[in-house]
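Take a look at the structure below.
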Amino acid sequence: NAGVMQNPRHLVRRRGQEARLRCSPMKGHSHVYWYRQLPEEGLKFMVYLQKENIIDESGMPKERFSAEFPKEGPSILRIQQVVRGDSAAYFCASSLGRSYSGNTIYFGEGSWLTVV
Amino acid sequence: GNSVTQMEGPVTLSEEAFLTINCTYTATGYPSLFWYVQYPGEGLQLLLKATKADDKGSNKGFEATYRKETTSFHLEKGSVQVSDSAVYFCALSVLSGGSQGNLIFGKGTKLSVKP
């Protein structure tokens, strides 16, 4: 059973370009989460999705960032008009059910975005 | 609101030393508690978890006990190895206080074990 798959692992974008990060959850998992990790900092929650629905986007910046998890295909985190401050590691995670009831959240290996 | 506070690092120990990384939490409601470990350049791996008071999570020689009275979930290991060098994150998950059940992390504690 493959784990959470993220691609690309490394992405370099110039300021003003768009970054698109993909995440395929573990097989059977319908809950997907995106986190951002800035250098030397902890993980900050961005968005929580369940198939075709956004459950919680309280951690998403109001502008330039969007996320989706369509019925078919991977979850996508999209960052428009990137700026240097967007440089970070973006981690996707998935779970079978809600983690507050004890379901384990499994993480991918991350996508490292560098904005030059 | 919901939050996790863990001891600042870095922590440097000699091999076979005893490890404690403190973690306390604030939660509106009854959270599940987790420890994750991150090795350099990698994603997070679940180390252990506990879902109710007095539960003890354990894995690979690491242990943590869910203490509701002190709102703590301290990570311990009796004898660390060089291969334990990593960043350790304490986290909670709860459905209340504005949280829909996503993980809320502490800032992480970097552990370095010297031979």
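As given, the protein sequences belong to chains D and L, one line each in that order.
802 is the number of the first residue of the first sequence in this note's numbering; add one for each residue after it.
50 is the number of the first residue of the second sequence in this note's numbering; add one for each residue after it.
Beta carbons: idealized from backbone N, C-alpha and C, even for Gly.
For Thr100/L, the closest Cβ of chain D is nearer than 9 Å.
With 16 or more other CB atoms across the displayed protein chains lying within 10 angstroms of its CB, Arg899/D is buried.
In this structure, the beta-carbon distance from Pro80/L to Val143/L falls below 9 Å. For Asn108/L, no CB of chain D lies under 9 Å from its own CB, so it is not counted at the interface with that chain. Of the other Cβ atoms in all chains shown, fewer than 16 fall within 10 Å of the Cβ of Thr61/L; this residue is therefore exposed. Of the other Cβ atoms in all chains shown, fewer than 16 fall within 10 Å of the Cβ of Thr77/L; this residue is therefore exposed. Identification of chain L residues near Leu914/D by a Cβ-Cβ cut-off of 7 Å yields none; the smallest Cβ-Cβ distance measures about 15 Å. With respect to chain D, the C-beta atom of Ser63/L has no partner C-beta closer than 9 Å.
Bounds of any beta strand (DSSP E) do not take in Asp133/L, whose DSSP letter is neither H nor E. The C-alpha of Gly157/L is placed about 15 Å away from the C-alpha of Leu82/L.
At a cut-off of 9 Å, the C-beta of Phe111/L has no neighbouring C-beta in chain D.
Ser161/L is outside the set of residues whose beta carbon lies under 9 Å from a beta carbon in chain D.
For Val833/D, the closest C-alpha among the options Phe870/D, Gly911/D, Phe866/D, Gly843/D is that of Phe870/D. Taking a Cβ-Cβ threshold of 8 Å, the residues of chain D close to Lys156/L are Glu842, Gly843, in chain order. Taking the Cα positions, Arg837/D is about 14 Å away from Arg810/D. Segment contact: the stretch 806 to 822 of chain D against the stretch 905 to 912 of chain D, three or more CB-CB distances shorter than 8 Å; contact assigned.
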